[in-house]
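K.L.:
Quick one: this structure, given as structure tokens, is what I'll be asking you about.
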Amino acid sequence: MDLSFVILVEIFYAVASLALISAGLAVVFGMMKVINLAHGEFMMMGGYATITAVQLGVNVFVAMLIIAPLIVGLIGLVVERLVIRHLYGRLVDTMLATWGLSLFFIGMATMIFGNTTTSITTPITGFAVGDYQINGYNFFIFFVSAVLLISMYVLLKTTRLGLIARGTMQRSDIAAALGYSPDRIYMATFFCGSALSGLAGAVLAPLVGLVPTSGGAYIAKAFITVIAGGPSLIVGLISSSSLFGVVNQIFTFGISPVFGDVALLIAAVILLRLLPQGVTGKFFKGKM
Amino acid sequence: MTISRRKFVAAGAALTGSMLLPRVVMAADTIKLGSVLDTSGIFDAYGKPMDMAMRLAVDQINADGGLLGKQVEVVSYDTQSDMALYSQYAQQLTRQDKVDVVHGGILSASREAIRQTMHKTKTLYFYNVLYEGGVCDRNIFINGVTPAQQVEALVPYAMGKSGKKVYILAADYNYGHITAKWIQKFVADNGGETVGVDFFPLDVADFGSTIAKIQTVGPDLVIAPLVGGAHLSFFRQWAAAGMKDKIALASTTLGVGNEHKVLTAEEGNGIMVAYNYSQELDTPANNAFKKSWADANGGDQSMHEIAVSNYQGVLTWAEGVRKAGSLDRDAVIEALETGVSIDGPAGKITVDPKTHHAVLDVHLMEFQDQGMRVVETLPQRQPIDTQAVCDLQANPNDNKQYEIEI
Amino acid sequence: MAETVLETTGLTMRFGGVVATDNVNFSLKARELRCLIGPNGAGKSTFFKCITGLLTPSEGQVFMRNQETTGWHPHEVASLGVGIKTQVPNVMDGLTVVENIWMAARRFMPSKEASDKAQDVIERLALGSIAKAELGRLAHGERQRVELGLVVAADPWLVLLDEPAAGMTAGDVDRMSAIIDEMTRTAAVVIVEHDMQFIRSIASTVTVFHQGAILMEDHVDKVMADPIVRNVYLGKKA
Amino acid sequence: MSRSWGRQDAATIVAAIVLIWLMPLLISTYTLTVLVIYGMLALSLGLIWGFGGILCFGQAAFFGLGAYTYAIAAINVGESTLPMILAVFVPALFAALLGAMMFYGRLTDVYLGVITLVVTLILFKFVNSSAGPQYVIGEARLGGFNGIPGFHTLNIPGQPDEYIWGDALYYVCAVALLAVYFLVTWLLRSSFGRIAIGIRENETRVSLMGYDVRARKTILFAIGAAIAGLAGALFANWGEIVTPGLFSLGQSAEIIIWCIVGGLGTRLGPIIGAAGLAYLKFLLGQQSLIDNTLIMGIILVLFVLFLPKGIVPAVASLWKASFGRRSGRKSARRRHMRRVDSANG
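So the sequence lines, in the order shown, correspond to chains D, C, A and F.
Add 124 to the 1-based position in the first sequence for the numbering used here, that's all there is to it.
Add 32 to the 1-based position in the second sequence for the numbering used here, that's all there is to it.
Add 10 to the 1-based position in the third sequence for the numbering used here, that's all there is to it.
Add 18 to the 1-based position in the fourth sequence for the numbering used here, that's all there is to it.
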């Protein structure tokens with residue numbers, strides 16, 4: 125009984141963290157059809173922003189939930205204005221440019237913070253369930269992830285902003301024709317997407333040690349989750365992260381964490397082989 | 033025709049080479065010490081202090097007038113925590129820079145990547161890191177502690193403080209695999225039982241499910257030969273899950289890269305380790321060493337187990353050269369095989385002629401308030417694991433790493 | 011006397027709950043010219059895609075020269091000697107006209123002969139002046155004409171054209187009619203078309219689609235005179 | 019027409035031989051060898067991406083597979099000829115299976131990218147965690163993170179003790195690159211190559227012409243993998259060790275960057291891009307003022323923004339502008355070398 129609860133918590137945690145690390149990428153991809161390969165580095169910067177702020181004496185939750193998303197969002201804004209803006213509609217080129225940006229950020233972080241592992245202590249302590257100890261922080265991640273998805277849903281469904289956003293997702297030209305400047309919508313979207321990436325990196329930072337190359341561990345998983353999720357932003361995100369999270373944890377418990385990762389990847393291959401042509405395949409036609 | 037062209041090419045290469053790298057030419061009258069260490073990347077917590085230690089040793093040798101009347105010059109490469117770069121830079125050190133000795137390599141993977149290159153090119157090689165034991169090669173000298181020196185002492189001590197059921201979490205490469213086997217052997221020798229072994233690739237940083245899994249097995253003691261920055265998060269997550277007071281922890285590697293200073297006191301306190309060196313050793317030699325380190329590096333105090341090993345390795349080599357009165361590889365090996373010993377910050381280190389390993393002190397320690405408190409000192413331990421399989425006096429042509437069989 | 015080159019029996023295509031073509035029985039004789047007309051959503055394009063292999067029908071069969079081709083891939087259908095032109099111009103934009111046509115011919119003959127064939131087709135279709143130009147730089151009408159060239163180059167015995175005259179100028183349409191006329195000397199031709207002007211100019215038998223089924227089949231003049239067709243086709247205008 | 023081609027080929031051979039001869043005067047053969055090997059690796063992606071339109075995020079998988087195949091076979095055989103052959107065929111076979119799975123499943127574009135990326139990750143994870151003694155092929159331990167050191171390196175065929183290394187290895191690699199270059203040239207001039215370009219331009223059209231696009235893409239993909247495998251085997255001989263890092267995403271990324279910087283849709287571009295950037299990286303590695311990765315990142319971003327077609331096409335058009343039209347055919351080829359995504363941009 126206790127054991128199944130422990131395993132359940134781990135599964136929920138896995139699903140929540142997958143959704144969390146994919147959210148920023150999903151927003152940018154869903155709205156702008158831009159695959160931001162610097163997403164992992166945005167997360168890494170969110171982590172560094174948190175750690176630096178904590179070291180400067182800021183409360184850890186303020187640092188994670190406010191400062192990190194804000195800083196990374198602003199970095200995203202600069203990136204959008206300087207680079208991404210010039211590449212809209214050229215999906216492969218944006219991928220390459222953001223790949224370049226990811227290398228750039230890794231280099232920057234290395235020069236600023238050094239290549240050493242830095243970390244902060246988890247702010248929430250564990251507690252016991254029967255004979256088992258559970259990491260209390262898992263619940264925090266689950267909570268953040270749930271709040272995030274719900275507020276995204278509410279935002280998209282009920283607000284004017286959400287309506288414009290959904291319109292842009294469907295047909296950016298029509299949104300433009302209705303007088304909404306796509307330029308500004310994209311700018312705002314990229315800011316939000318980057319902030320979400322920063323938030324994810326910040327929230328996960330206390331769990332894992334941070335090095336400038338930390339982002340690499342996330343980007344592949346996020347990329348797979350978003351692509352497999354398909355065109356529907358929130359439903360896609362929830363369904364694919366649930367699938368992959370469960371598969372991952374079952375094999376992690378059954379065999380080992382490496383097999384968990386491999387099982388996740390194999391599940392992705394099978395999924396894409398069975399459901400090859402999403403909407404995303406369409407706008408890609410004729411492009412390299 | 034081919035020959036003349038070759039000569040032409042070689043001459044041209046030498047010419048351009050000398051233009052690009054003036055130090056190659058002016059270096060003719062110095063002794064060249066090659067160094068390959070990860071001073072960046074995920075293993076830099078190990079490599080940076082090792083590099084500082086090597087330079088400190090060389091500076092001290094040079095300040096005392098050098099060796100054989102010559103200054104020692106360092107030729108060093110940063111392998112960026114990338115195993116492929118080791119073989120590349122080893123080739124450069126031996127074939128292009130033609131160094132007299134190479135000190136370096138951190139992970140066992142990096143040692144195995146370059147050991148054969150050193151052997152083939154007959155370049156004397158010092159590997160100054162605690163490791164899994166068993167390397168038997170006349171060309172290499174090793175002064176790090178081996179499982180018989182470390183694990184054999186640590187396991188009964190840790191089991192005595194906790195219980196008989198042991199769970200092993202090891203890094204997934206040769207060091208982790210072989211060390212895990214040694215731990216299993218010593219656990220069995222001490223009447224205990226190994227209830228689980230898990231291996232983790234060096235980039236794994238999420239141990240949540242592992243911690244849950246360990247609890248389902250319910251061991252008395254977890255021994256963790258984990259390596260590198262990513263694995264450090266295990267100890268954090270272990271503490272965050274509140275496991276610290278329930279199951280005892282020991283490690284054969286934690287603290288080697290000063291991890292006890294990265295972890296908070298709450299996260300680290302009570303973890304049991306055994307090494308040759310601790311900053312808390314209150315001996316005149318160590319205090320002097322810490323002072324000269326601080327003087328050389330602007331007050332820095334980042335010396336750790338394998339940095340000190342590296343320092344002691346360079347001193348041992350220098351002693352061998354002095355004794356041989358020559359830089360010739362075979363002469364230096366023969367001199368070292370007479371059982372040269374030095375007094376380093378961690379005490380007396382003596383070369384074991386049979387295995388080219390070292391006889392040294394080992395301290396049982398516990399983490400306390402971001403330091404390593406010495407619980408018990410076991411003086412002058414022999415590398416009996418390697419001695420059992422390797423005799424370079426009898427078989428000087430041996431060239432392999434023996435692995436423990438269970 | 012003439013053999014049947016294309017036949018469908020009970021061809022049905024459903025998308026979810028929507029029936030796009032419903033039990034269509036269709037047949038075409040060698041060197042016959044046939045136009046498929048019908049209002050938007052009548053199922054003619056779906057029917058076309060089922061024949062060419064771009065879609066696999068839910069039910070029914072397709073035969074070409076008595077060979078069943080139901081569910082074949084487009085490239086397998088094309089390999090039989092069937093020339094296909096889709097609705098949007100499908101050409102290789104980065105390549106020149108010669109290269110495009112060479113590639114179509116190369117499928118059925120060695121490289122050298124394909125080069126000669128390409129020259130031949132270029133002359134026949136009066137493409138000489140733009141032979142070395144890249145397709146991406148040509149006008150819409152020219153691209154449509156080149157695509158017909160691709161079809162011709164393979165010496166097909168059955169040609170399937172989806173809206174070849176769409177978006178063309180009057181001059182282009184005349185030229186197109188001439189080319190299609192020439193095609194019918196060696197091949198049976200099926201054309202899906204909206205443009206009644208064009209259909210009249212090539213004066214063929216017409217099959218009218220309505221709500222996924224065949225409404226009637228007759229000569230163009232009779233069809234156009236038919237009140238039911240006028241009603242269906244022109245909607246409220248009738 | 020064929021005569022002018024012949025003349026161009028002869029000129030290429032002469033230029034290549036002069037280069038192979040002269041380069042050791044400037045750069046040590048040890049470094050040159052790896053530049054040449056990277057050139058070959060880049061050419062393998064340049065072929066399938068630039069001419070076949072298949073963007074593979076996992077070209078490193080075939081490179082690593084070639085290297086590991088060589089190392090494992092060499093340990094078991096103790097001679098280098100058979101391992102070299104295997105190192106070409108195993109990746110090709112693997113790519114054929116993978117390609118068939120993808121292309122017959124009509125996976126395209128971004129999905130293709132994801133699958134190739136995921137397969138590379140799986141290979142990396144697997145190889146990286148194969149340190150245990152149970153992972154043995156014949157006498158070769160896979161070694162996990164350690165990689166496989168100490169295998170038999172290249173020898174003169176039939177004479178296991180006559181090693182080819184140092185300068186000789188450089189000449190072998192350079193000649194191999196030249197041979198691969200001409201193989202690619204021949205392939206692109208053949209009907210198969212011309213149709214492959216057609217597939218890049220418009221898959222549906224080529225399929226409607228009666229060509230089996232799936233089979234042709236699979237074959238092209240396998241040819242690319244074979245070249246990458248050969249490069250991998252040569253790399254194993256150069257480094258004298260193979261490690262899981264060969265399969266890493268970083269390695270795949272670099273190959274893509276080489277192609278972009280050098281110029282897609284050209285044969286020379288990827289080779290120049292690879293050799294140039296790898297040498298730049300080597301030079302940057304000798305300084306510690308600015309981080310290496312940072313500079314590579316900036317280069318990539320700047321190229322995508324300002325020179326998206328790459329160096330070679332840019333130089334070619336500059337050349338054409340200053341020296342006029344050399345020949346109509348050549349300029350026509352140059353122009354369609356890479357389609358600019360102008361439709362939406």
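In this text, a Cβ means the ideal position worked out from N, Cα and C, and glycines have one as well.
1) Are the segment 294-303 of chain C and the segment 280-290 of chain D touching, with three or more C-beta to C-beta distances below 8 Å?
2) Shortest alpha-carbon distance to C:P251 belongs to which of C:Y189, C:E398 and C:L281?
3) Is it buried or exposed, A:A235, if we count other Cβ atoms within 10 angstroms and call 16 or more buried?
4) Among F:L195, F:T311 and F:L141, which one has its Cα closest to the Cα of F:L295?
5) For C:P233, count neighbouring C-beta atoms within 10 Å of its own C-beta (all shown protein chains included) and say buried if the count is 16 or more, exposed if not.
6) Measure the C-alpha to C-alpha separation of A:V233 and D:L220 and round it to an integer number of angstroms.
7) Grab the span of the alpha helix (DSSP H) containing C:D61 for me, first residue to last.
8) Can you give the Cα-Cα distance for C:D238 and D:Y137, rounded to whole angstroms?
9) Against chain C, which members of the segment 375-389 of chain D pass a CB distance test of less than 8 Å?
10) Can you tell me the Cα-Cα spacing of C:D235 and F:F142, whole angstroms?
11) Only counting the same chain, and skipping five residues up and downstream in sequence, which positions put a Cβ closer than 7 Å to that of A:A268?
12) Compare the C-beta of C:R209 with all C-beta atoms of chain F and state if any pair is closer than 8 Å.
13) The ligand ATP and C:P179: does any heavy atom of the ligand fall closer than 7 Å to the residue's C-beta?
14) My output table needs one value for A:C45: the three-state DSSP class, helix, strand or coil.
15) If we define contact as Cβ-Cβ less than 8 Å, is F:A33 a contact residue for chain C?
16) So C:D114 contacts chain F; which residues on that side make the cut at Cβ distance below 9 Å?
17) Quick check: F:I289 and F:A118, are their CB atoms within less than 8 Å of each other?
18) Could you tell me the distance, in whole angstroms, from the CA atom of F:G184 to the CA atom of C:S72?
19) If you draw a straight line from the C-alpha of A:G26 to the C-alpha of A:G20, how long is it?
20) Just verifying my parser: in three-state terms, what is the DSSP assignment at D:G354?
21) Pairing CB atoms from the segment 214-233 of chain F with CB atoms from the segment 90-102 of chain C, are three or more of them under 8 Å?
22) Is there at least one Cβ from chain A nearer than 8 Å to F:I66's Cβ?
23) Find out if the Cβ-Cβ distance for the pair A:V98, A:V156 is shorter than 8 Å.
24) Hey, C:P81 and C:S324: beta-carbon distance below 8 Å or not?
25) Is the segment 241-249 of chain F touching the segment 193-206 of chain F in the sense that three or more CB pairs, one from each, lie closer than 8 Å?
26) Could you tell me which whole alpha helix (DSSP H) segments of length 4 or greater appear in the segment 284-311 of chain C?
27) What's the gap between the Cα of C:T242 and the Cα of F:I140?
28) Run through chain D and tell me which residues come within less than 7 Å of F:P326, C-beta to C-beta.
29) Please classify F:D185: does DSSP put it in a helix, a strand, or coil?
30) What is the rounded straight-line gap between the Cα of C:N431 and the Cα of F:L111?
31) Using C-beta distances below 7 Å, list every residue in its chain close to F:A149, excluding the 5 sequence neighbours before and after it, in chain order.
32) By how many angstroms is the C-alpha of F:G82 removed from the C-alpha of D:G353?
33) Going straight from the alpha carbon of D:G325 to that of D:H163, what length do you get?
34) Pick out whichever of F:I55, F:A85 and F:I31 has its Cα sitting closest to the Cα of F:V190.
35) State yes or no: is the beta carbon of F:Y56 nearer than 8 Å to at least one beta carbon in chain D?
36) Is F:E258 closer than 8 Å to C:T149 when the C-beta atoms are compared?
P.N.:
If we stick to the structure as given:
1) no
2) C:L281
3) exposed
4) F:T311
5) buried
6) 57 Å
7) C:D61 -> no alpha helix (DSSP H), and no H or E assigned at all.
8) 11 Å
9) T376, F377, S380, P381, V382 and G384
10) 12 Å
11) Examination of residue 268 of chain A is not possible in this model, given that chain A is present from 11 through 248 alone.
12) The amino acid occupying residue 209 of chain C in the given sequence is His; Arg does not appear at that position. Yes, C:H209 counts as interfacial toward chain F.
13) Among the components of this structure there are no ligands whatsoever, and the ligand ATP is therefore not found.
14) strand
15) no
16) T261 and G263
17) no
18) 29 Å
19) 18 Å
20) coil
21) no
22) no
23) no
24) no
25) yes
26) 291-294 and 297-300
27) 21 Å
28) D217
29) helix
30) 37 Å
31) G161, G162, F163 and N164
32) 30 Å
33) 10 Å
34) F:I55
35) no
36) yes
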